[in-house]
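Which chain is which? The protein sequence lines are A, B, C and D, in order.
Just so we're aligned: 78 in the numbering used here is position 78 of the first sequence, and the numbers increase by one with no gaps anywhere.
When you read off a place in the second sequence, starting at 1, and then add 1000, the result is the number in the numbering used here.
When you read off a place in the third sequence, starting at 1, and then add 2000, the result is the number in the numbering used here.
When you read off a place in the fourth sequence, starting at 1, and then add 3000, the result is the number in the numbering used here.
For every residue, glycine included, the Cβ atom is placed at its ideal position computed from N, Cα and C.
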Amino acid sequence: MAQLTYLEAIADALRTEMHKDERVFLLGEDISTYGGAFKLTKNFHEEFGRSRVLDCPISESAIVGAAIGAALNGMRPVAEMQFMDFVTCGFNQIVNVAATTAYRWGIGVPMVVRGPSGGGVGANPFHSRNSEAWFAHASGVKVVCPAFPADAKGLMTASIRDNNPVVFYEHKGLYRKIKEEVPEGEYIIPLGKARIVREGIHATIVSYGSAVHFALSAADELLKEGVSIEVIDIRTLVPFDQETVLASARKTSRVLIAHEASLTAGFGGEIAARIAEHAFEHLDAPIMRVAAYDSPTPFAPTLEKAVLPNSTKVMEATRKLLLY
Amino acid sequence: MAQLTYLEAIADALRTEMHKDERVFLLGEDISTYGGAFKLTKNFHEEFGRSRVLDCPISESAIVGAAIGAALNGMRPVAEMQFMDFVTCGFNQIVNVAATTAYRWGIGVPMVVRGPSGGGVGANPFHSRNSEAWFAHASGVKVVCPAFPADAKGLMTASIRDNNPVVFYEHKGLYRKIKEEVPEGEYIIPLGKARIVREGIHATIVSYGSAVHFALSAADELLKEGVSIEVIDIRTLVPFDQETVLASARKTSRVLIAHEASLTAGFGGEIAARIAEHAFEHLDAPIMRVAAYDSPTPFAPTLEKAVLPNSTKVMEATRKLLLY
Amino acid sequence: MNSNKPLDLSAKVPPIKPSKLLSNSRRIEMFTYMLQAREFDLAMQRLNRQGRAFGGVYSQTGNEASSVGSAYALGDKDVLFPMHRNIGGHFVFKQDLNTLMLAFLAREGSLMRGTDGTGHYADVKKRIYGNVSHLGAMIPVAAGFVLASKMRGESVVSMTYIGDGGAQTGEFHEGVNFASVQKLPLILIIENNQYAYSSPNSVEFACVKLSDRALGYGCFGVTIDGTDVELVYETCFKAAERARKGEGPSLIESITMRMRGHAEHDDFSYVSREELEYWKKRDPIDRYQKYLLTKKVLSLDEITSIRTKLIDDIRSAIDYAVDLPFPSGEEGFKNVFID
Amino acid sequence: MNSNKPLDLSAKVPPIKPSKLLSNSRRIEMFTYMLQAREFDLAMQRLNRQGRAFGGVYSQTGNEASSVGSAYALGDKDVLFPMHRNIGGHFVFKQDLNTLMLAFLAREGSLMRGTDGTGHYADVKKRIYGNVSHLGAMIPVAAGFVLASKMRGESVVSMTYIGDGGAQTGEFHEGVNFASVQKLPLILIIENNQYAYSSPNSVEFACVKLSDRALGYGCFGVTIDGTDVELVYETCFKAAERARKGEGPSLIESITMRMRGHAEHDDFSYVSREELEYWKKRDPIDRYQKYLLTKKVLSLDEITSIRTKLIDDIRSAIDYAVDLPFPSGEEGFKNVFID
Ligand SMILES: Cc1ncc(C[n+]2csc(CCOP(=O)(O)OP(=O)(O)O)c2C)c(N)n1
Ligand SMILES: Cc1ncc(C[n+]2csc(CCOP(=O)(O)OP(=O)(O)O)c2C)c(N)n1
Ligand SMILES: [Mg+2]
Ligand SMILES: [Mg+2]
């Protein structure tokens, strides 16, 4: 096994699948010669040719729409949004065409829309959004938000092989931040399986994406004080692994939900609602949430820090939860 | 006071505000000569002229974008989506331009995007969507979902006078279904105030839009059995009147949340999360939700009935809640 | 032709421009599809009046030449992405009446299991791909479909449609531009039937011809009389030839009239009597019938018997479908995702 | 000009096309703004190398004639919606350097309070409206702005910009079409600087000239040499005149070169040395300077002293801004909604 960054792991999944299955191809802006804004697909065009690493005009609706059309015609396209923020320009294609096709026509639309999302890196309101909840509410697309390199590889493989449209959120702040052992060659993690990243007994933090790391460092800190926190990375929002989350809630009786997306109508609400309905009797404390303030993600580091969640905020909330 | 339908009440609000304030104007597809697909703006062009009742090309991004530009330049535009489903084609303008302008520039964008939403009328997957949760998660737009004629008028007035962008969801199934007394002339209901539509003691149903009516008929039925249900219509999702909802939850200790939108990542999750966090100790039963199945809204009446919530489903869930 | 100027009400109806590419038997076939489209339309209108239809009924009367002539120009590997007034194309692609009627009425056993209605269905074996209501959305999809074919070295042309209104959507622009850059074998027919719901061309665009947009994409563009089926056929046939040669997409503006309301609930009072009169004289079926009679390709008797057969067949499809129940509610919970 | 074909590397640099509309004092003013834009650019590049800038630095070197010449053609009621390479326009609209630098660096007291950076700000008193990152989005907004003016009978022209890449967005199409139908006083400059990030024109479009799209909207369109500031000025001045007369929008393709990477992190190794050489010879400032010297409008000494003053002023603005703290975190919680 090799030590790979999150970005390398995703590239590895794409490369492996492209070698294995000639139906897989990539399309997006500046992905070929330039290798993508984050160089994730660097040199791919040399390996696979420019028609399988297709540079496209600045037309997100055309990119997503063309991916759908190609998927209807036997391919397995992976469309890049240069930043996930720009998916708002291809939104209609995803929620109205891709999401409804299986239901209406009984035909699969095997495609992935992927790209860098999230904040905390001093981008601006238009290069930092966490919009996964929109697609979780779209009924007909799967939504994947990996937090670790190996998971990112395994989930990307599963997404490409899935017969349904998948929106795959990569967190740009994680791209080069963490390295871990990533299995070589084909490696698949089924969609819809949460992962207990750390077992614990006193409380559960349910999270995904960047917030998993906030949860882990909060858990590290608290461990020094003898408090044992269970950390669950749901990994995919749709399908949602309700059972794993409920089992943990029932076990620890205290749940904090953390995500980087803004609070209101974020996916944390959904998770809280499921727990409040199905694990009600097991709870010893209110379900708490840590999320971004309900604003655009601001540019200046001082403001961004104030608005976004981080390890400290998660730890403080966990303390509050434990003290309840 | 006149007896008005929900549709007439909205038209009345528009007409009253247009008479009062010449900055208010309407733009959308087929709203002038034709009077709109539902005839809501019938004859408006005769009263106000075609430039204030502006027929537009089939270009939702241009319609919303032009409204934003006009709002930046001193007007108070009201943009119609012929069906709210088509807001997906103007989505980027709303979530990225309208929603971020006050935050970034300190300038108000006083505009309303309104149109018919919702199902249960045998339309199809593309003429039935309830997408309010998307905008509730957009951080920077207000979201209004009236259930009654008088509220629709009062909230529309408030929306037009608000200095922020408002997405105003009209439920097409309610347009001509209910009549009630609606105050004449200027009539305003502030955004962000829930309404206790019916007081009760044994349980609370929190809902909005069409689901308020399901809740009311469930409450009617249960009253016959001596059970008293409190029904709360939140009326606006953003701002959300948390206090009224929490007070009721604390009072009755049993809460059901009902909305027509699909379950997962719908606004019901947010409401449940708020209650689970802030009224935890007062609850005697799990928070339950009734919502549409997580699918597109199907066309055939048999399927649509199976998938969407209705009075019976709300009643059955309420019984379950009471029996817990 | 100029697609955005006042009608010359006194103008003579031009003669059909016969295509050298058509044999008489193929002429008869086209004409039969046109009749079938018209009769299907009339039947749907009737069902609607009787309250036995379900969902909106979007008439294609006036569109027979445009829809049939274009689809008829395709080969047997090519694919069709029809829009709401392209029932003629469904027939050209040999959709059988029972299947079609079931789909329109969303009855039990229909292709979409009741999840959706009207002509939105896809029938992959017949190479018919449907649409969504959102105008313009299928243009990039139709382009992507043949992008895939092209990648595999297959020669497949994809044909789709948009209205004089829908051509104003952003997805029209992105789709046509993408196809032009990739030189995809895409034929996009802009059916300018004078109205987009209630909106005349002047509300929708300010250019002289919608096909003038081709210049801005670097693809082929032409505006034609969309009530002359042979002209439509020939134009599209050549477009398909170019497409197969790798010369890229064509934008064909086909000018005709929507002879009824947007859907049957619309009384189209915003259309003047004179305008309807003008177009009535250009009824695509009348024009072609006159031509076929004059050229003795068909006799009136033959036409009558073709029509009678078509009407009978439609009637039995209706009888077959209309009393079938809607699908069971359980269907609503299936296939949101598939394996 | 042809916007989408291989360069003729041996072509001579054409002379400046002097505009009859310009006095020498106004020539000097334009030239000064161009120099200011260039020096500001160089200063930002330096700040970036020193790690003292914050956020992406998008060079406008190569764009001075296009940005200054266009904005300079506007009147004192007109509004500007600049894009990321239009710093020249900010200067023409008399933005002061401290304000600008604060906005770019998102420091305390800046117009956007740290919520956003670069040239995204709006300064209403100066009639400068900013943008969002999403390309194309401001075109309908700029159109709607003057729709409002028009409704009130005010004569205001709105000018905005898009790139050779951004012209492929759906919002470009919807915005220009809407403005054309409403005959709005909108001037859209398509700045074709050869690249959209790393993508050459051939990835973005297949038409000969991007201004050919005007025909498809029914508005005025022209492609011009965007390194000749007088030509840009004159073209835009006439466009503004037409706009004020109610003749609708203009689509002006201004051809130039982005002389650096997309932003400073980009080494633009995808651009050939020959291509850069070709454009280096067409540097808008060199060209204009040569003209002004030849015509004796300015002497070299005068230019040097103008430049020195500009550099000093920029340096003091940097000194002023760069050590200021970022705004307090509390600002992040304000103004999501305003009263
Ligand atoms: C994006 C979008 N906006 C609005 C509508 C509502 N709508 C349905 S059909 C129609 C008119 C279409 O006119 P045109 O494109 O000319 O086609 P026609 O019906 O005349 O064939 C409108 C506005 C829609 N379906 N999609
Ligand atoms: C809708 C959208 N898609 C993608 C991007 C990412 N992006 C930012 S600038 C850029 C290239 C722009 O090229 P062009 O329009 O030619 O302008 P230039 O930077 O060359 O002036 C891209 C792809 C974006 N900002 N907006
Ligand atoms: Mg039409
Ligand atoms: Mg460019």
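Taking all protein chains shown into account, do 16 or more other C-beta atoms lie within 10 angstroms of the C-beta of residue i, making it buried, or fewer, making it exposed?
i, result
"His3265(D)", "exposed"
"Gln2050(C)", "exposed"
"Asp30(A)", "buried"
"Tyr1187(B)", "buried"
"Lys1320(B)", "exposed"
"Val1019(B)", "At residue 1019(B) the sequence reads His, which differs from the Val that was named. When all chains shown are included, His1019(B) counts as exposed."
"Pro3325(D)", "exposed"
"Ser3110(D)", "buried"
"Lys2125(C)", "exposed"
"Asp2076(C)", "exposed"
Does the CB of residue i have a neighbour CB from chain A at under 9 angstroms?
i, result
"Pro3325(D)", "yes"
"Glu2174(C)", "yes"
Do residue j and residue i have their beta-carbon atoms positioned less than 9 angstroms apart in this structure?
i, j, result
"Gly1108(B)", "Thr1100(B)", "no"
"Asn3131(D)", "Ala2206(C)", "no"
"Lys179(A)", "Pro149(A)", "yes"
"Ile3204(D)", "Ile63(A)", "Looking at the sequence shown, residue 3204(D) is not Ile but Glu. Against a cut-off of 9 angstroms, the Cβ pair of Ile63(A) and Glu3204(D) comes out as no contact."
"Val3013(D)", "Lys3281(D)", "yes"
"Leu1054(B)", "Val1143(B)", "no"
"Arg235(A)", "Arg198(A)", "no"
"Val3297(D)", "Arg3038(D)", "no"
"Val95(A)", "Val24(A)", "no"
"Glu1022(B)", "Thr1157(B)", "no"
"Phe38(A)", "Arg15(A)", "no"
Using a Cβ-Cβ cut-off of 9 angstroms, state whether residue i counts as contacting chain B.
i, result
"Ser248(A)", "no"
"Arg254(A)", "no"
"Asp294(A)", "yes"
"Met3259(D)", "no"
Beta-carbon of residue i versus every beta-carbon of chain D: anything under 9 angstroms?
i, result
"Thr2169(C)", "yes"
"Leu2111(C)", "no"
"Phe1048(B)", "no"
"Gly1266(B)", "no"
"Thr1041(B)", "no"
"Trp1134(B)", "no"
"Ser2198(C)", "no"
Are any of the Cβ atoms in chain C nearer than 9 angstroms to that of residue i?
i, result
"Gly1192(B)", "no"
"Gly1173(B)", "no"
"Met75(A)", "yes"
"Thr236(A)", "no"
For residue i, verify whether its CB is less than 8 angstroms away from any heavy atom of ligand 6.
i, result
"His3262(D)", "Questions concerning ligand 6 fall outside what the structure shown contains, since the ligands it does hold are ligand 1, ligand 2, ligand 3 and ligand 4."
Between which two residues does the alpha helix (DSSP H) carrying residue i extend?
i, result
"Val53(A)", "Segment 53–55 is the beta strand (DSSP E) holding Val53(A); no alpha helix (DSSP H) there."
"Leu1997(C)", "One cannot answer for residue 1997(C) here, as it falls past the ends of chain C, which runs 2001 to 2339."
"Pro301(A)", "301–307"
"Met995(B)", "The requested residue 995(B) is not part of the displayed model; chain B covers only 1001 to 1324."
"Ala1133(B)", "1132–1136"
For residue i, report the span of its beta strand (DSSP E) as first-last.
i, result
"Val1197(B)", "1195–1198"
"Pro983(B)", "A question about residue 983(B) goes unanswered here, because the residues of chain B that appear run from 1001 up to 1324."
Checklist entry - So which residues touch the region around ligand 3, with touch meaning a C-beta under 7 angstroms from any heavy atom? => result Going by the Cβ distance cut-off, the answer is Gly2163(C), Asp2164(C), Gly2165(C), Glu2191(C), Asn2192(C), Asn2193(C), Gln2194(C), Tyr2195(C), Ala2196(C), Arg2258(C).
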